[in-house]
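Single-structure report; data block below.
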Amino acid sequence: MVSVDLELDCRAMRCPMPVIELARRLEEVPVGGTIGVVATDVAARVDVPAWCRMREQEYVGEDVAADGVPVFVVRRLR
Amino acid sequence: MELLTHERAFRSRADKTASGYRIALPSSRWGTQYVGTVTYLSGTPGAGPRTELDTASSEPLHPAAREVLLAALDQGYADPRRLHHPGRSARLLLDNARAVVAETLGVRTDEVSFTGSGTEAVHRGLLGLLRGSRRGRQVAHSPVEHAAVRHAVAWGGEPVEVPCDRAGRVHADDLTRAALAPEVGVVALQTANHEVGTVQPVGEVEPPDGVPLFTDACASMGRLPLPGGWAAAAGSAHKWGGPAGVGVLLVRKGARWRNPFPGDDRVDERVAGFENVPGALAAAAALQAVVAEREDVSARQRLLVDRIRAAVAEIPDTEVVGDPVDRLPHLVTCSFLYVDGEALVHALDRHGFGVASGSACAASTLEPSAVLAAMGVLTHGNVRVSLGRDTTEAEVDRFLAVLPGVVRDLRAEVGL
């Protein structure tokens, strides 16, 4: 998997918790930095990109963690 | 035997238990016989008045339908195939229902069938076209079709999904192009989306000869005129103020439709089972009334929905979805970031407002709405607000006064 500046383990969380976690911890990375949201919740595949659009952040794409769980990668733009 | 139709009747004949009322029916042979327990919703619905904003799930029975239904229960109980007086009476009412629906929708009488539900009308309409098609068993359809369409395709054919835009609209050219593949036997496109209200370009799809179009009109029937270009269509009476348990299947004269299920030797060869004559007549009465008052009601609903859309857009981190203009008149859907959809529905319910949600946590499947996902819009914190024919400006204003605070409180609970 691509390296990210901050990985959020949201494996056990159900929607909307992964997106809440993403919003809460965005400022832990500098502008230009990346966050990987590791989430088993099926809604995250739609909601992380939607969050990026609504909050004017960049959705980089989807990757897979070592255990096969999807990782949704976001770049902080502001 | 007296029918137990209201609470007082229940009370007089039933013993209250911890979970509800035990229903007792008098029996000449056995004395009083307990036949079951009716459980009522526990808890009080709250002090203030209630406003139900979920007519897209089910509209209350139209007053015009109630009267007709009660009369038809007595006069239309018999087997409409029998030649005796009650049989002829039932047949007369059934033919009358068919004629009224045909006239109201602008179709031929022999194009109208009554089914047991909108879902059954979808299954029969779509699968009947597929069975009649001389081409392949694939069905090209939008990604925002109702579950009834998706399940029918999975059961009897193979899906070919054509993408939609952010408003949930499919481009007619994309569907037309998909239909050119020789494996495609049928094209399916809803008249309007049941979750976000966006109207689809049904009349603009031009499938090649031999590929009929099926349209699921359950969300729009009675509310919008039928589009053109379809070979079969489906409607659902409880969504326009008719009784539950009645669907309408329309099959164009000359369409290659073959019954996909076992036949029956009854009044209408497209359907099976004993006819629900009172239901069909009440559904027809409601449809006629709804179409007669459509211009006034939909103009009022459109203004109220515009008002909701504008007010909700003022709430930070909110997405109002679906086409703002070319849409169903009575429905609006929005999503609030960081809000749990189930918690939002419960909080609004405590304030006296009944709304639906497409969020995963509010769904029986725990999957987010396929419609919202296909559109690429936020699936959590989602509510669908749908107005009734008599929803007032004051009720909408009261809703809009409550909503921002409810959203703010739910966000505060998670620190956002």
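Residue numbers (our numbering), protein chains in the order written: chain W, 41 to 118; chain L, 1273 to 1688.
Built from N, CA and C at the ideal position, the CB exists for glycine as well.
query                                                                                                                                    : result
Residue 97 of chain W - DSSP class collapsed to helix/strand/coil                                                                        : coil
Contacts that residue 64 of chain W makes with chain L (C-beta to C-beta distance below 9 angstroms)                                     : 1686, 1687, 1688
N-terminal and C-terminal residue of the beta strand (DSSP E) that residue 79 of chain W is part of                                      : 74–79
Simplified DSSP state of residue 1608 of chain L, which is helix, strand or coil                                                         : strand
C-beta neighbour in chain W for residue 1349 of chain L, strict 7 angstroms                                                              : no
Span of the beta strand (DSSP E), counted from its first residue to its last, around residue 1386 of chain L                             : 1384–1387
Start-end ranges of the beta strand (DSSP E) lying completely within the segment 1608–1679 of chain L, minimum 3 residues                : 1654–1658
Span separating the alpha-carbon of residue 1473 of chain L from that of residue 1376 of chain L                                         : 22 angstroms
C-beta contact flag for residue 1519 of chain L and residue 1558 of chain L at 7 angstroms                                               : no
Buried or exposed (CB count within 10 angstroms, at least 16 for buried), residue 1288 of chain L                                        : Low confidence applies here, because residue 1288 of chain L scores a pLDDT of 48, under 50, leaving its location unreliable; read the following figure in that light. So residue 1288 of chain L counts as exposed.
Continuous alpha helix (DSSP H) stretch holding residue 1448 of chain L: start and end                                                   : 1444–1450
For residue 1372 of chain L and residue 1645 of chain L, the rounded distance between their alpha carbons                                : 39 angstroms
Residues of the segment 1569–1592 of chain L whose Cβ lies closer than 7 angstroms to any Cβ of chain W, in chain order                  : 1589, 1591
Whole-Å CB distance - residue 1617 of chain L paired with residue 1655 of chain L, under 8 angstroms assumed                             : 7 angstroms
Cross-chain neighbours of residue 56 of chain W in chain L, by beta carbon under 7 angstroms                                             : 1610, 1611, 1612, 1652, 1653
N- and C-terminal bounds of the beta strand (DSSP E) containing residue 1430 of chain L                                                  : 1430–1433
Proximity to residue 1340 of chain L [Cα-Cα], best of L/1662, L/1562, L/1556                                                             : L/1556
Interface positions of the segment 87–99 of chain W facing chain L (Cβ-Cβ less than 9 angstroms), listed along the chain                 : 87, 89, 90, 91, 93, 94, 95
Residue 116 of chain W and residue 73 of chain W closer than 7 angstroms at C-beta                                                       : yes
Under the three-state DSSP convention, the category residue 47 of chain W falls into                                                     : strand
CB contact check: residue 60 of chain W to chain L, cutoff 7 angstroms                                                                   : yes
Separation of residue 1525 of chain L from residue 1430 of chain L, as counted between CA atoms                                          : 26 angstroms
Beta carbon proximity, residue 83 of chain W to chain L, threshold 7 angstroms                                                           : yes
Whole-angstrom distance between residue 1570 of chain L and residue 1668 of chain L, CA atom to CA atom                                  : 15 angstroms
Own chain partners of residue 1612 of chain L with C-beta closer than 8 angstroms, once the 5 adjacent residues on each side are dropped : 1631, 1633, 1652, 1653, 1682
Neighbouring residues, chain W, relative to residue 1631 of chain L (Cβ below 9 angstroms)                                               : 55, 56, 83
Contacts that residue 1644 of chain L makes with chain W (C-beta to C-beta distance below 8 angstroms)                                   : 86
Span of the beta strand (DSSP E) around residue 1519 of chain L                                                                          : 1519–1523
CB contact flag (residue 1506 of chain L, residue 1484 of chain L, <7 angstroms)                                                         : no
CB-CB length for residue 83 of chain W against residue 1321 of chain L, believed under 8 angstroms                                       : Incorrect: roughly 34 angstroms between the Cβ atoms, too far for contact.
Residue 1628 of chain L CB to nearest heavy atom of the ligand NAP below 6 angstroms                                                     : In the structure shown, the ligand NAP is absent, as is every other ligand, since no ligand is present at all.
Three-pair Cβ contact test at 8 angstroms for the segment 1527–1538 of chain L versus the segment 1450–1462 of chain L                   : no
Simplified DSSP assignment, three categories, for residue 1323 of chain L                                                                : strand
With 16 other Cβ atoms within 10 Å as the buried cut-off, status of residue 1349 of chain L                                              : exposed
Between the CA atoms of residue 1584 of chain L and residue 55 of chain W - distance to the nearest angstrom                             : 22 angstroms
Cβ-based neighbour list, residue 1347 of chain L, same chain, cut-off 7 angstroms, excluding 5 preceding and 5 following                 : 1361, 1365
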